[in-house]
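Chemist: Just so we're aligned, residue 0 is where the sequence shown starts under numbering that gives the first Met the number 0, counting upward by one.
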Amino acid sequence: MQFFGRLASDYHAMFGVTLQALAGQRILDCPSGPCSFVAEAVAAGVDAVGVDPLYIHTHAELRARCELDIAGTIKAMSEHGDHYSTLDLTSYAESKRAALHGFLADYEAGRATGRYVAASLPQLPFADQSFDQTFSAHLLVTYSSPESGGILTNSPFTEQWHQASITELLRVTKRALHVYPTTTRTSPARRHPYLEHIVAQLQASGAWECRYQPSTYHRGDSAQNLLNASLVIERVSSAHTTL
């Protein structure tokens, strides 16, 4: 699995929300990785918390891991240039390093104050409805098995894991959960079947409303940009819901 991050501007593109609109709210980013979103959000007046299992590691260890993953990813993408012909790989790498720089500048102080929490889905160390909104990018569906439309061979992230993880994310969320991406990595892309099943169950429960929010985040090629959208799951009932 790749450990590299994204900027707050990337979150804007993925989810269609601005830091200004989130000001005054408590926000969860899970998984957060070496993204600068939490640091940028806090600077903009947002009470943001990032969660990642790799936050057990030091500043130096995370820097080394991320730098290796950025270099390895760019190398792999350049070797498959036909899939990424519309993506400027130099700018792509620069944005990843900028996100890492912003994250690392905040990491030690943030970890000391509980802004960066070492934990992993499907169990989070937070009380029910602790956060107004939750953002979850580039883990759900992305690292599912190739057979389901993901990229990870022998993936432990089964449909049951996705159900449990989304249930947990919703448990700690008061208003809305945002998930990105929502499509398979097959060509042409289609809605990921795990999400289709989960959305159907949530809609049937009557406690949640689900919709797809068009995204402007550039995934690298036209096939992957097909049906490009985040999934927004909004609470319409105070009842606890399980899948």
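Even glycine gets a Cβ: it sits at the ideal position worked out from N, Cα and C.
Please report the Cβ distance between ALA7 and GLU39, rounded to the nearest whole angstrom; I am assuming they are in contact, meaning their Cβ atoms lie under 8 Å.
Modeler: To locate residue 7, count along the sequence shown from 1; it is residue 8. To locate residue 39, count along the sequence shown from 1; it is residue 40. Contact holds; Cβ gap of about 4 Å.
Chemist: Grab the span of the beta strand (DSSP E) containing CYS209 for me, first residue to last.
Modeler: For the purposes of this step, residue 209 is taken as residue 210 along the sequence shown, with counting starting at 1. Taken as a continuous stretch (DSSP letters only), the beta strand (DSSP E) holding CYS209 covers 207-213.
Chemist: Using only alpha-carbon positions, find the residue among CYS29, SER143, ASP46, ALA206 that is nearest to ALA20.
Modeler: For the purposes of this step, residue 20 is identified with residue 21 of the sequence shown, where counting begins at 1. If you compare the alpha carbons of CYS29, SER143, ASP46, ALA206 with that of ALA20, the shortest gap goes to ASP46.
Chemist: State the Cα-Cα distance for the pair THR141 and SER147, rounded to the nearest angstrom.
Modeler: Locating residue 141 in the sequence shown gives position 142, where the first residue counts as 1. Locating residue 147 in the sequence shown gives position 148, where the first residue counts as 1. Approximately 10 Å, taken between the alpha carbons.
Chemist: Is the Cβ-Cβ distance between ASP28 and PHE134 less than 8 Å?
Modeler: On the sequence shown, residue 28 is found 29 positions in, with the first residue counted as 1. On the sequence shown, residue 134 is found 135 positions in, with the first residue counted as 1. Yes, Cβ-Cβ distance for ASP28 and PHE134 is below 8 Å.
Chemist: I'd like the ranges of any beta strand (DSSP E) spanning at least 3 consecutive residues and lying wholly in the stretch 110-188.
Modeler: Within the stretch 110-188, the beta strand (DSSP E) runs of at least 3 residues that lie entirely inside it are, in chain order, 130-136, 172-179.
Chemist: Note down the Cα distance separating ALA145 from ARG96, rounded to an integer number of angstroms.
Modeler: For the purposes of this step, residue 145 is taken as the residue at position 146 of the sequence shown. For the purposes of this step, residue 96 is taken as the residue at position 97 of the sequence shown. Looking at the sequence provided, one finds Pro at residue 145 rather than Ala. Their Cα atoms are separated by approximately 28 Å.
Chemist: One question on the structure: do ASP105 and VAL37 come within less than 8 Å of each other, judged by their Cβ atoms?
Modeler: Position 106 of the sequence shown holds residue 105. Position 38 of the sequence shown holds residue 37. Yes, the pair counts as a contact, with Cβ atoms nearer than the cut-off.
Chemist: Under the assumption that GLY23 contacts GLY44 (Cβ atoms under 8 Å), give the Cβ distance between them as a whole number of angstroms.
Modeler: By 1-based counting over the sequence shown, the position of residue 23 is 24. By 1-based counting over the sequence shown, the position of residue 44 is 45. That belief holds up - the Cβ atoms of GLY23 and GLY44 are roughly 7 Å apart, short of 8 Å.
Chemist: Within 8 Å of any Cβ in chain C, is that where the Cβ of THR185 sits?
Modeler: You won't find chain C in this structure, because it holds only one protein chain.
Chemist: Nearest-angstrom Cα distance between VAL171 and SER129?
Modeler: Position 172 of the sequence shown holds residue 171. Position 130 of the sequence shown holds residue 129. Roughly 5 Å separates the two Cα atoms.
Chemist: Sort LEU99, LYS74, LEU103, PHE102 by Cα distance to THR89 and report the nearest one.
Modeler: The residue you call residue 89 lines up with position 90 of the sequence shown. Cα-wise, what sits closest to THR89 is LYS74.
Chemist: Report yes if the CB atom of GLN162 is closer than 8 Å to the CB atom of ILE197, and no otherwise.
Modeler: Within the sequence shown, numbered from 1, the residue matching residue 162 stands at position 163. Within the sequence shown, numbered from 1, the residue matching residue 197 stands at position 198. Yes, the Cβ-Cβ distance between GLN162 and ILE197 is below 8 Å.
Chemist: Grouping DSSP H, G and I as helix and E and B as strand, with all else coil, what is ALA92?
Modeler: Numbered from its first residue, the sequence shown carries residue 92 at position 93. Looking at ALA92 - three-state DSSP - the assignment turns out to be helix.
Chemist: Using DSSP with H/G/I as helix, E/B as strand and the rest coil, what is ALA59?
Modeler: Against the sequence shown, residue 59 aligns to sequence position 60. ALA59 falls in the helix class under three-state DSSP.
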